[in-house]
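Accompanying notes for the structure given below.
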Ligand code: NAD
Ligand code: TYD
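Numbering (the numbering used here), first residue to last: 2 to 353.
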């Protein structure tokens with residue numbers, strides 16, 4: 002197996018869990034965490050592995066061709082696990098171009114660097130693993146699941162940019178025989194998620210006694226997976242997945258937004274010692290997201306039957322652990338909500 006692994010986006014939410022898992026589980030691998038540290042990147046997320054001898058952090062922007070090529074030349078990465086992305090749908094609605102730059106151009110930049118560096122492309126040590134989302138398949142009505150053969154039908158600028166990057170990854174496999182593998186995962190939740198996404202936003206706002214914004218009528222459905230189970234799936238696909246294949250990852254765990262928000266309110270009231278019903282009073286129905294996808298639901302049977310992966314944590318356990326983590330890590334929450342991370346992000350994009 003490859004030993005020099007470039008993980009992109011490793012200071013972000015999912016990437017930090019993947020970096021931690023690889024650094025701790027594979028002491029004989031060299032793990033390179035490449036991240037631009039945008040508003041979503043936070044080195045505190047990987048502070049516990051920062052001093053490990055098999056870990057190196059590289060601050061770089063995946064859209065910077067020269068820098069990316071120089072890093073491939075210097076470190077001769079054997080494999081890539083690519084997570085760096087702009088990841089929030091609402092931001093993609095206000096600033097779609099940022100998503101085109103990072104998610105599409107950044108991905109093609111990495112594909113080119115891998116293709117040009119890996120002279121013997123058939124070497125079994127090489128692998129380009131692209132992490133994607135179920136949102137590329139579009140929106141389901143009230144029945145059925147996304148499978149690996151569901152036609153792409155992205156409906157937001159975010160999902161359109163991820164769909165485009167997936168197409169490029171497959172095109173590089175078809176055209177240049179680049180050894181690639183792709184996985185498309187459902188909504189993740191867990192420690193270290195930036196509090197712009199639904200679950201940490203609701204936890205944070207309950208603590209701050211702020212309104213809990215529910216878009217539209219809260220009827221939209223998402224399929225939630227604990228982030229550490231996603232990281233476990235990434236480990237398995239990286240080591241056992243077949244080149245050219247796609248694997249859908251999900252927990253068969255669908256929740257209507259309003260039901261999920263009410264559940265979080267209930268757990269938080271218990272933990273904070275509030276009378277039941279206190280936090281629910283903060284729920285505020287707000288204007289719906291433009292083009293809001295109704296329902297996502299993943300059929301994860303292929304990864305289970307072919308690679309033997311399934312979630313290890315129930316939703317009740319995962320949510321409990323997540324809420325506990327946010328309650329125990331108030332300093333983390335304060336530092337990411339203070340806005341200091343925005344500075345680099347704003348400077349980067351104001352020049353475009
Ligand atoms: P995140 O926004 O928390 O983290 C993204 C990371 O990428 C950050 O550390 C950021 O600094 C870095 N980054 C952004 N632009 C960069 C650039 N130009 N160059 C280098 N680094 C850059 O995202 P996440 O939720 O951890 O998602 C990681 C990946 O998983 C993404 O590709 C996303 O599409 C995919 N995904 C996410 C979910 C989910 O529910 N969060 C579900 C399925 C798939
Ligand atoms: P989000 O966490 O942004 O993930 P995604 O849009 O990628 O699914 O949102 C999850 C769901 O919660 C989605 O249907 C939008 C909804 N939502 C709200 O109702 N209120 C909010 O403040 C946010 C951020 C999301």
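Even glycine gets a Cβ: it sits at the ideal position worked out from N, Cα and C.
This structure is a prediction, so every number in the text was calculated from the model and none was measured.
The ligand NAD heavy atom lying under 6 Å from the CB of residue i
i: residue 38; result: yes
i: residue 164; result: no
i: residue 64; result: yes
i: residue 234; result: no
i: residue 309; result: no
i: residue 365; result: This structure does not reach residue 365, given that the chain is present from 2 up to 353, and the question cannot be answered.
i: residue 69; result: no
i: residue 253; result: no
i: residue 78; result: no
i: residue 288; result: no
i: residue 316; result: no
i: residue 85; result: yes
i: residue 229; result: no
i: residue 48; result: no
Closer than 6 Å: residue i CB and nearest the ligand TYD heavy atom
i: residue 138; result: no
i: residue 188; result: yes
i: residue 216; result: yes
i: residue 109; result: no
i: residue 198; result: yes
i: residue 90; result: yes
i: residue 221; result: yes
i: residue 7; result: no
i: residue 205; result: no
i: residue 295; result: no
i: residue 112; result: no
i: residue 126; result: no
i: residue 104; result: no
i: residue 396; result: Nothing about residue 396 can be read from this structure; the chain reaches only from 2 to 353.
i: residue 141; result: no
i: residue 264; result: no
i: residue 283; result: no
i: residue 320; result: no
Among the options, nearest to residue i - alpha-carbon criterion
i: residue 66; options: 79, 110, 228 and 286; result: 110
i: residue 90; options: 331, 182, 299 and 294; result: 294
i: residue 220; options: 250, 194 and 263; result: 263
i: residue 161; options: 100, 180 and 191; result: 100
i: residue 248; options: 305, 275 and 281; result: 305
i: residue 227; options: 113, 53, 320 and 176; result: 320
i: residue 30; options: 140, 42, 54 and 44; result: 54
i: residue 51; options: 70, 94 and 25; result: 25
i: residue 116; options: 188, 61 and 80; result: 80
i: residue 331; options: 206, 216 and 77; result: 206
i: residue 217; options: 258, 129, 276 and 209; result: 258
i: residue 78; options: 49, 5, 329 and 155; result: 5
i: residue 113; options: 61, 155 and 172; result: 172
i: residue 95; options: 158, 183, 212 and 146; result: 158
i: residue 300; options: 250, 222, 179 and 60; result: 250
i: residue 270; options: 198, 185 and 209; result: 209
i: residue 312; options: 186, 126, 68 and 137; result: 186
i: residue 139; options: 98, 131 and 150; result: 150
i: residue 82; options: 108, 88 and 291; result: 108
i: residue 314; options: 87, 307, 190 and 145; result: 190
i: residue 282; options: 267, 274 and 196; result: 267
i: residue 199; options: 256, 126, 175 and 277; result: 256
i: residue 290; options: 87, 70, 93 and 49; result: 93
i: residue 76; options: 84, 59 and 87; result: 59
Beta bridge counterpart(s) of residue i as assigned by DSSP
i: residue 227; result: 190
i: residue 133; result: 185
i: residue 318; result: Answer is none; residue 318 lacks a bridge partner.
i: residue 296; result: 141 and 222
i: residue 27; result: According to DSSP, residue 27 bridges with nothing at all.
i: residue 127; result: Note: residue 127 sits in no beta bridge, so no partner.
i: residue 256; result: 223
i: residue 36; result: 60
i: residue 214; result: 285
i: residue 8; result: 34 and 82
Supposed contact pair residue j and residue i - C-beta distance, whole angstroms, cut 8 Å
i: residue 41; j: residue 336; result: In fact, because the Cβ distance is near 13 Å, the residues do not count as touching under 8 Å.
i: residue 57; j: residue 33; result: 5 Å
i: residue 192; j: residue 326; result: 4 Å
i: residue 296; j: residue 143; result: 7 Å
i: residue 252; j: residue 224; result: 7 Å
i: residue 128; j: residue 182; result: 7 Å
i: residue 213; j: residue 284; result: 5 Å
i: residue 68; j: residue 74; result: About 11 Å separates the two Cβ atoms, so there is no contact after all.
i: residue 137; j: residue 155; result: 5 Å
i: residue 201; j: residue 244; result: In fact, because the Cβ distance is near 35 Å, the residues do not count as touching under 8 Å.
Would the region 99 to 107 count as touching the region 162 to 176 if we require 3 or more Cβ pairs under 8 Å? Verdict: yes, contact present.
Are at least three pairs of beta-carbons, each pair with one atom in the region 119 to 127 and one in the region 228 to 239, less than 8 Å apart? no
Three or more C-beta pairs below 8 Å linking the region 223 to 234 and the region 10 to 21: Inter-segment contact for the region 223 to 234 and the region 10 to 21 is present: three or more beta-carbon pairs are separated by less than 8 Å.
Across the region 33 to 49 and the region 2 to 18, are there enough close Cβ pairs to call them in contact, namely three or more that are closer than 8 Å? yes
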